[in-house]
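For what it's worth, this note's numbering labels the leading residue of the sequence shown as 1053, then goes sequentially.
In this text, a Cβ means the ideal position worked out from N, Cα and C, and glycines have one as well.
See below for the structure under consideration.
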Amino acid sequence: MNNEKEKIDWGRLQKALSVEVQYRFQNIQGKQYIFNEFINYIDKWVSSKKAK
1053 MNNEKEKIDW GRLQKALSVE VQYRFQNIQG KQYIFNEFIN YIDKWVSSKK
1103 AK
């Protein structure tokens, strides 16, 4: 994986959180993931980086 893909897209995360709040946490479908899948993906990615 190259360096750009290894970084969390904080803007994307902020947008996802904002949309979820706006829609009262309905677990809406994004372009690639439903909200809870996206958060799970970010959590696993961060956890794997901490383990190294």
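{"Check": "Nearest-angstrom Cα distance between ASN1088 and ILE1094?", "Outcome": "10 Å"}
{"Check": "Take ILE1086 as the anchor and find which of SER1100, SER1099, TRP1097, VAL1071 has the nearest alpha-carbon.", "Outcome": "VAL1071"}
{"Check": "Assign PHE1090 to one of two classes, buried (16 or more other C-beta atoms within 10 Å of its C-beta) or exposed (fewer than that).", "Outcome": "buried"}
{"Check": "Name the one or two DSSP bridge partners that GLN1066 has.", "Outcome": "DSSP lists no partner for GLN1066."}
{"Check": "Rounded to whole angstroms, what is the Cα-Cα separation between LYS1101 and LYS1067?", "Outcome": "23 Å"}
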